[in-house]
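Engineer:
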Amino acid sequence: MSAEGAIPDEVPLTDDALLGGRLHLLQPARGHRAGHDALLLAAMVPAVARHVVDLGAGVGAAGLAVAVRLPAARLHLVELDPPTASLARRNAARQQPDLAARVAVVQADIATLARSGGPVEPAPRAADAVLMNPPFNDPACHRISPNDRRALAHMAPDATLDGWVRSAERLLAPGGHLALIHRPEALSAILAALDRRFGAVTIRPVHGRPQAPAIRVLVGAVKGRRTPPSLLPGLLLADSEGRPTQEAEAVLREGAPLA
Numbered sequence: 001m002s003a004e005g006a007i008p009d010e011v012p013l014t015d016d017a018l019l020g021g022r023l024h025l026l027q028p029a030r031g032h033r034a035g036h037d038a039l040l041l042a043a044m045v046p047a048v049a050r051h052v053v054d055l056g057a058g059v060g061a062a063g064l065a066v067a068v069r070l071p072a073a074r075l076h077l078v079e080l081d082p083p084t085a086s087l088a089r090r091n092a093a094r095q096q097p098d099l100a101a102r103v104a105v106v107q108a109d110i111a112t113l114a115r116s117g118g119p120v121e122p123a124p125r126a127a128d129a130v131l132m133n134p135p136f137n138d139p140a141c142h143r144i145s146p147n148d149r150r151a152l153a154h155m156a157p158d159a160t161l162d163g164w165v166r167s168a169e170r171l172l173a174p175g176g177h178l179a180l181i182h183r184p185e186a187l188s189a190i191l192a193a194l195d196r197r198f199g200a201v202t203i204r205p206v207h208g209r210p211q212a213p214a215i216r217v218l219v220g221a222v223k224g225r226r227t228p229p230s231l232l233p234g235l236l237l238a239d240s241e242g243r244p245t246q247e248a249e250a251v252l253r254e255g256a257p258l259a
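Numbering of the sequence shown is given in full-length UniProt numbering, commencing with residue 1 and proceeding in unit increments.
(1) Distance check for Pro210 and Ala108, CA to CA, integer angstroms please.
(2) Measure the C-alpha to C-alpha separation of Thr245 and Ala17 and round it to an integer number of angstroms.
(3) Go to Gln27, then tell me how far its alpha helix (DSSP H) extends in each direction, as first and last residue.
(4) At what residues does the beta strand (DSSP E) containing His36 begin and finish?
(5) Three-state secondary structure (DSSP) at Asp54?
(6) Of the residues Gly118, Pro135, Ala49, which one's Cα is nearest the Cα of His182?
(7) Between the alpha carbons of Gly255 and Leu194, how many angstroms are there, rounded?
(8) Taking buried to mean at least 16 other C-beta atoms within 10 Å of its own C-beta, is Arg243 buried or exposed?
(9) What span of residues does the alpha helix (DSSP H) with Arg90 cover, start to end?
(10) Under 7 angstroms Cβ to Cβ from Arg231, same chain only, skipping five residues before and after it: list those, please.
(11) By the three-class DSSP mapping on this structure, what secondary structure does Ser240 have?
(12) Can you confirm whether the region 169 to 186 touches the region 214 to 226 when touching is taken to mean that 3 or more C-beta pairs between the two stretches lie within less than 8 angstroms?
(13) By DSSP's criteria, Leu131 is part of a beta bridge. Which residues make up the other side?
(14) Measure from the alpha carbon of Pro205 to the alpha carbon of each residue in Arg216, Pro257, Ala250, then state which is nearest.
(15) Would you tell me roughly how many angstroms separate the C-alpha atoms of Met132 and Pro213, rounded to the nearest one?
(16) From the DSSP output, in three-state form, read off Gly31 for me.
(17) Would you call Glu241 buried or exposed, if buried means 16 or more other Cβ atoms sit within 10 Å of its Cβ?
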């Protein structure tokens, strides 16, 4: 029997090593699974951050990767789905004791954060950095997965980005950093959601192969700034032979930051 709110016993789990073995995650063998996106997102968090909130944390991959890289930071991992939040707690607890003590998992809707009647933590205007990996695919344009948990993680209209950004704004202290990863087609919706709330926006395309279109965009922003956006050099994950690039290996295996 599984505990209430936990992943059912009949759901097979895998135990996966990330960051060159410094992070171990339990996650469902099928459906939505953490991978490169989470590690790229974690690499965007500034080294000076001391309080980090991960919105839509899933099983905890991005937030726990931040905790591995930043040993002085404490983190709140916010996840809507109760079984997935339960698995994030298990993943936090199975890391090194000093890391586990710095991580709290909050099962909540991001719309309730930093609002009256919402969770007490994470508190309003207290975070140095917020990271988010919002559901990528507009259900009006993409086939919806029959796996309920995968659909929850992947499917949401682009219009919901505004709610995610509003939540980040409520949580961040003035001058706090927002980091998000998304598909390139959503860039206009991302910029619209950031407008008049965030500035100093940086946009870094992520390419799977040379000469191929970007498969992701990494977007950073600073609360309250008015500096114009910057387009950064792209990140190439693999060369023409499919071998990981040196920069990708540094981020995905060694936990190096993305400037």
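The beta carbon of each residue, even a glycine, is placed where N, CA and C say it ideally should be. Values in this document were obtained by computation on a predicted structure and should not be read as measured data.
Structural biologist: Quick answer:
(1) By one-based count along the sequence shown, residue 108 stands at place 108. By one-based count along the sequence shown, residue 210 stands at place 210. Computed Cα separation, rounded: 40 angstroms.
(2) Counting from 1 along the sequence shown, the entry for residue 245 is found at position 245. Counting from 1 along the sequence shown, the entry for residue 17 is found at position 17. Straight-line Cα distance between these residues: approximately 20 angstroms.
(3) The sequence position of residue 27 within the sequence shown is 27, counting from 1. Gln27 -> not in any alpha helix (DSSP H); beta strand (DSSP E) instead, spanning 23 to 28.
(4) Numbered from 1 along the sequence shown, position 36 holds the residue referred to as residue 36. From DSSP, His36 is part of no beta strand (DSSP E) but of the alpha helix (DSSP H) over 36 to 42.
(5) One-based indexing of the sequence shown puts residue 54 at position 54. Asp54: strand per DSSP, three-state reduction.
(6) Counted from its first residue, the sequence shown places residue 182 at position 182. Of Gly118, Pro135, Ala49, the residue nearest in Cα terms is Pro135.
(7) Stepping through the sequence shown from its first residue, residue 255 is reached at position 255. Stepping through the sequence shown from its first residue, residue 194 is reached at position 194. Those two C-alpha atoms are separated by around 27 angstroms.
(8) Stepping through the sequence shown from its first residue, residue 243 is reached at position 243. So Arg243 counts as exposed.
(9) Position 90 of the sequence shown holds residue 90. Here the alpha helix (DSSP H) through Arg90 covers 82 to 93.
(10) Residue 231 sits at position 231 when you count from the first residue of the sequence shown. Residue identity check: residue 231 is Leu in the sequence provided, not Arg. Excluding residues within five positions, the ones whose Cβ falls inside 7 angstroms are Ile203.
(11) Mapped onto the sequence shown, residue 240 falls at position 240. Coil at Ser240, not helix or strand.
(12) yes
(13) The sequence position of residue 131 within the sequence shown is 131, counting from 1. Checking the DSSP bridge columns, you'll see Leu131 partnered with Asp54, Ala179.
(14) Position 205 of the sequence shown, counting from 1, holds the residue named residue 205. For Pro205, the closest alpha carbon among the candidates Arg216, Pro257, Ala250 is that of Arg216.
(15) On the sequence shown, residue 132 is found 132 positions in, with the first residue counted as 1. On the sequence shown, residue 213 is found 213 positions in, with the first residue counted as 1. Cα to Cα, Met132 sits roughly 23 angstroms from Pro213.
(16) Locating residue 31 in the sequence shown gives position 31, counting from the first residue. Of the three classes helix, strand and coil, the one that applies to Gly31 here is coil, per DSSP.
(17) Taking the first residue of the sequence shown as 1, we reach residue 241 at position 241. Exposed: under 16 other Cβ atoms inside 10 Å.
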